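Some notes on the structure that comes next.
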Amino acid sequence: MSDFKIAQRETSSVNVLELKGYLDAHTAPKLEEAFQDLLKTNRTKIVVNCKDLSYISSAGLGVFMAFIEDVRNKSGDIKLTNMSKKVYNVFDLLGFPLLYEIFKDESEAVRKFSDRSPLDNDRK
Amino acid sequence: MNAIQSIVVKKQTLKIESKTDRLVAVRDFVSQAAYASGFNDEEVSKIALAVDEACTNVIKHAYHYDPKKQITITVTANNGEFEVSIVDNGKQFDPKRIKQPDMKEYLSSYRRGGLGVYLMKSLMDKVEYDIEPGKRNQVRLVKHIPR
């Protein structure tokens, strides 16, 4: 079985999802569910911490694509942090850094939500 | 006495049910074979991801998540090439209809899906299809073995 877990917490009004393990076609619905829950309750300032994410396939990338528009329409954003080189390379291969802000550390991403400049880039 | 040159062909096969929870076994199987052929961590990751994408496509599009169906993955290391063949007997598809997306346009329109084939082509040296309509679909993913 693919091992994938999501831990959720709130810090400075920002919702942090910590991903752990393998995000593929089997486990992607778990992430989808987590985003849906946040959207339903209008919690749209989202930071996804990828420190313990070991693997991502296009099924996982597709989940980010599915929610980013709705989240931004509600004045929020999905920011990504703490990616390993291996995971970042997959995002990069598809040009995702053009669409998503990717930070080295979670604290930078959380801080950015209070800056009110969502289009500034501080990419890895 | 003439030296006898032998060509060693290494071939391994894995058969799985058409279920997404089997993808981890596919990645492990292909990764082990790729390490044994001399690929480094980065290249092994690329090969495992490309094969995951190919199998995910079969499960979704050829078999429509029918767990009773079977996928055969065969790895062959021969003549400087590492080849992974993924065979199914599901719905036929026309590789000519697959277009490589323009990623800038793709991202700006917030679309979802269709990234698997793009990844496969980006990660491997060759991606080839062999389709026998109504009988068998085969995709071959090839990477040159480092010398």
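Sequence lines, in order, name chains A and B. For any residue, its number in the numbering used here is found by taking its place in the first sequence, counting from 1, and adding 30. For any residue, its number in the numbering used here is found by taking its place in the second sequence, counting from 1, and adding 9. Where a beta carbon is used, it is the ideal one built from N, C-alpha and C, also for glycine. The model shown is predicted, which means the values in this text are computed figures rather than measured ones.
Asked, Found
"Secondary structure of THR74(A), DSSP reduced to three states", "coil"
"3-residue-minimum beta strand (DSSP E) runs that sit fully inside the region 62 to 123 of chain A, ordered along the chain", "75 to 86, 107 to 111"
"Pick from ARG36(B), GLU26(B), ASP30(B), VAL136(B) that is closest to ALA58(A), judged by C-alpha positions", "ASP30(B)"
"Endpoints, alpha helix (DSSP H) assigned at GLN41(B)", "32 to 45"
"Check: LEU32(B) C-beta below 7 Å from any heavy atom of the ligand ADP", "Among the components modelled here there is no ligand, and therefore nothing to report on the ligand ADP."
"Minimum Cβ-Cβ distance from VAL60(B) to chain A less than 8 Å", "no"
"Residue nearest to PHE91(B) in terms of C-alpha spacing, selected from GLY99(B), ALA57(B), THR81(B), GLY123(B)", "ALA57(B)"
"Length at least 3, wholly inside the region 51 to 107 of chain B: the beta strand (DSSP E) runs in chain order", "79 to 87, 90 to 97"
"For ASP54(A), three-class secondary structure by DSSP", "coil"
"Reference ASP41(A), options LYS75(A), PHE94(A), ALA96(A), closest by Cα", "It should be noted that the sequence gives Thr, not Asp, for residue 41(A). Measuring from the Cα of THR41(A), the nearest candidate turns out to be LYS75(A)."
"Among GLY47(B), GLU137(B), LYS130(B), PRO142(B), nearest to LEU149(B) - alpha-carbon criterion", "Per the sequence shown, residue 149(B) should be read as Arg rather than Leu. Nearest of GLY47(B), GLU137(B), LYS130(B), PRO142(B) to ARG149(B), Cα basis: GLU137(B)."
"Extent of the continuous alpha helix (DSSP H) to which TYR127(B) belongs", "124 to 132"
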